[in-house]
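Converting from the sequence shown to the numbering used here requires adding 13 to each position, the first position being numbered 1. Here's the structure, in structure tokens; my notes come after.
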Amino acid sequence: MGQENSTPIDEHTPPDTLESRTLEALAKYIKDGEPKKIVVMTGAGISTSAGIPDFRSPETGLYANLAKLNLPYAEAVFDISFFRNNPEPFYTLAQELYPGKYRPTITHSFIKLLHDKGLLLKCFTQNIDTLEREAGVPGDKMVEAHGSFAGQKCIECRAPYPDALIKIAIHEKTVPHCEACNGLVKPNIVFFGEALPEEFFLNRHLPATADLAIVMGTSLTVQPFAGLPSECAPHIPRLLINKEVVGDFGYRADDVPLIGDCDTGVRALAEACGWLEELEALWAQTQPIAAVDMGRKEPVAETETTDQRVEDEVERLTRQVEETLHKTETHRDYVNGFAATHGAGRPQSGNVEDLASQVRSALNISRSQQDYLDRQVDAKTGKSYSDMLEPGSPVMERLKEELKVESSVAEGGAQDRGLRHIFPYAETESKGPPL
């Protein structure tokens, strides 16, 4: 890892490699043939103009709006434990995000242009949308740090699952199961609670060998991906194309920040390098022309605001999720109802079976959970409900496990789930299930 300055570079400090910390100087560096191994690092910001909702925005992002639904917490849709028990929400979302619905942006085509010119060492991406691949970037030039929809396998026996079959399942909003063991099938994207792909760790040394780094559309808050730019050698130029300065950019003498949206930034860089016409022609090749592509979404026109785009996407996706889930109770209902039943508002009869019926009704739990509770009631007949439902009792602990309610929530507290290092779109701090 390169040695970092403790303070931002003073504007009067000259760069080590570039003539100046400007786009024009960086373009001259490229045109002079200095960089032969360019490493690119990308985040969700390079795909928002394709129409894919930005997961991270506090008010308009997809997570913020999923929180309005009857999920225990918005990020549960990408939680492996939640998926094992309830995969339907994820497959509703997968229908929206599955490859083929969105056209790559000109930023994705810029990465392909770097490859065509023999300059791309590796593209590290946090995105799962595979738009780099659709733009023509070869798979061996990609490190999808958080996985992608490019493949899928059984979560139990790890057997691969055919592409054709998962496309059918996603189109029909059904949950695919392994043909070998009947386990759940999941695309090869990293869920909360899963390790990053081995490929990431095998290639994370590459930034240290690069002679130019280009970072685009990421807040650089998700580790270990966020540490990649710091792996570059101290004298190597680093270009940031982003809506804000992030990470340790500005602390090195050859950092060049280009503040703005990614598509505008890559056009400016391509023009400065004399590549703009070539880039536009390459991007034009991603235009859908076949009849089967007519439903594909075009990158959004610049006249439409980000808020408008996200609002439309979220509204449509919210309707789809609501139709699929058909849920009538939330974790808030559970906590409030359970507290009322067991606290000051205990049933007057004191009958265990009456209480069990009330709990089942309040929670809207499944038949298997009803059966389990019935067995527990039968086994405990004769004991008071206060004994059965004492915090820490076997029944309470089992109910928490069955209903996926964490101890801290059942006891009225919140817990930081600590998931930010796993998934690309969880770049705001998770607060766990809402109370």
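Positions of the beta carbon are idealized from the N, C-alpha and C atoms, including for glycine. Predicted model only: the values in this text are computed from it and were never measured.
CA nearest to the CA of residue i, picked from the options
{"i": "residue 192", "options": "134, 175, 180 and 91", "result": "175"}
{"i": "residue 173", "options": "254, 201 and 181", "result": "201"}
{"i": "residue 65", "options": "86, 42, 46 and 108", "result": "108"}
{"i": "residue 236", "options": "163, 158 and 186", "result": "158"}
{"i": "residue 199", "options": "30, 271, 111 and 20", "result": "111"}
{"i": "residue 291", "options": "300, 41 and 280", "result": "280"}
{"i": "residue 171", "options": "195, 255, 155 and 23", "result": "195"}
{"i": "residue 125", "options": "151, 140, 210 and 162", "result": "151"}
{"i": "residue 249", "options": "258, 256 and 262", "result": "262"}
{"i": "residue 274", "options": "185, 230, 267 and 128", "result": "230"}
{"i": "residue 153", "options": "163, 162, 135 and 167", "result": "135"}
{"i": "residue 156", "options": "88, 137, 147 and 226", "result": "137"}
{"i": "residue 52", "options": "197, 283, 218 and 277", "result": "218"}
{"i": "residue 224", "options": "88, 146 and 43", "result": "43"}
{"i": "residue 259", "options": "145, 133, 56 and 147", "result": "56"}
{"i": "residue 148", "options": "167, 113 and 139", "result": "113"}
{"i": "residue 50", "options": "227, 190 and 63", "result": "227"}
{"i": "residue 300", "options": "33, 22 and 63", "result": "63"}
{"i": "residue 166", "options": "186, 34, 190 and 181", "result": "190"}
{"i": "residue 277", "options": "86, 61 and 22", "result": "61"}
{"i": "residue 197", "options": "296, 99 and 252", "result": "99"}
Residue i versus residue j: straight-line alpha-carbon distance, rounded
{"i": "residue 205", "j": "residue 95", "result": "10 Å"}
{"i": "residue 265", "j": "residue 233", "result": "16 Å"}
{"i": "residue 254", "j": "residue 207", "result": "30 Å"}
{"i": "residue 256", "j": "residue 36", "result": "16 Å"}
{"i": "residue 116", "j": "residue 54", "result": "20 Å"}
{"i": "residue 103", "j": "residue 93", "result": "10 Å"}
{"i": "residue 26", "j": "residue 268", "result": "12 Å"}
{"i": "residue 271", "j": "residue 142", "result": "24 Å"}
{"i": "residue 169", "j": "residue 188", "result": "15 Å"}
{"i": "residue 243", "j": "residue 122", "result": "25 Å"}
{"i": "residue 38", "j": "residue 31", "result": "6 Å"}
{"i": "residue 247", "j": "residue 101", "result": "47 Å"}
{"i": "residue 118", "j": "residue 58", "result": "11 Å"}
{"i": "residue 47", "j": "residue 282", "result": "16 Å"}
{"i": "residue 97", "j": "residue 203", "result": "14 Å"}
{"i": "residue 40", "j": "residue 285", "result": "6 Å"}
{"i": "residue 210", "j": "residue 160", "result": "7 Å"}
{"i": "residue 127", "j": "residue 120", "result": "11 Å"}
{"i": "residue 129", "j": "residue 164", "result": "25 Å"}
{"i": "residue 131", "j": "residue 86", "result": "45 Å"}
{"i": "residue 133", "j": "residue 220", "result": "12 Å"}
{"i": "residue 222", "j": "residue 183", "result": "40 Å"}
{"i": "residue 91", "j": "residue 186", "result": "17 Å"}
{"i": "residue 84", "j": "residue 245", "result": "41 Å"}
{"i": "residue 34", "j": "residue 212", "result": "33 Å"}
{"i": "residue 105", "j": "residue 241", "result": "33 Å"}
{"i": "residue 252", "j": "residue 289", "result": "18 Å"}
{"i": "residue 179", "j": "residue 162", "result": "10 Å"}
Exposed unless 16 or more other CB atoms sit within 10 angstroms - verdict on residue i
{"i": "residue 287", "result": "exposed"}
{"i": "residue 214", "result": "exposed"}
{"i": "residue 29", "result": "exposed"}
{"i": "residue 239", "result": "buried"}
{"i": "residue 177", "result": "exposed"}
{"i": "residue 361", "result": "The pLDDT assigned to residue 361 is 40, lower than 50, so where the model puts this residue is not dependable; a value taken from the coordinates is nonetheless given after this. Residue 361 is exposed by the Cβ-count criterion."}
{"i": "residue 294", "result": "exposed"}
{"i": "residue 20", "result": "exposed"}
{"i": "residue 88", "result": "buried"}
{"i": "residue 24", "result": "exposed"}
{"i": "residue 374", "result": "A caution first: residue 374 carries a pLDDT of 48, below 50, which makes its placement in the model unreliable, though a value can still be read off. So residue 374 ends up on the exposed side."}
{"i": "residue 145", "result": "buried"}
{"i": "residue 398", "result": "In this predicted model, residue 398 has a pLDDT of only 40, less than 50, meaning its place in the structure is not dependable enough to derive any value."}
{"i": "residue 181", "result": "exposed"}
{"i": "residue 139", "result": "buried"}
Element boundaries [beta strand (DSSP E), containing residue i]
{"i": "residue 252", "result": "251-255"}
{"i": "residue 167", "result": "160-167"}
{"i": "residue 11", "result": "Since the displayed the chain opens at 14 and closes at 448, residue 11 lies outside it and no answer follows."}
{"i": "residue 55", "result": "51-55"}
{"i": "residue 133", "result": "133-138"}
{"i": "residue 156", "result": "155-157"}
{"i": "residue 202", "result": "198-202"}
C-beta neighbour in chain B for residue i, strict 7 Å
{"i": "residue 153", "result": "Looking at the structure shown, chain B is missing, and only one protein chain is on hand."}
Residue i: first and last residue of the uninterrupted alpha helix (DSSP H) it sits in
{"i": "residue 102", "result": "101-110"}
{"i": "residue 181", "result": "176-184"}
{"i": "residue 98", "result": "93-98"}
{"i": "residue 43", "result": "36-44"}
{"i": "residue 145", "result": "144-147"}
*Could you pull out every unbroken alpha helix (DSSP H) segment of at least 4 residues lying fully inside the segment 264-310, listed in chain order?*
275-286 and 289-297
*Would you mind listing the alpha helix (DSSP H) stretches within the segment 209-248 that are 4+ residues and don't spill past its ends, in chain order?*
Taken in chain order, the complete alpha helix (DSSP H) segments of 4 residues or longer contained in the segment 209-248 are 211-216.
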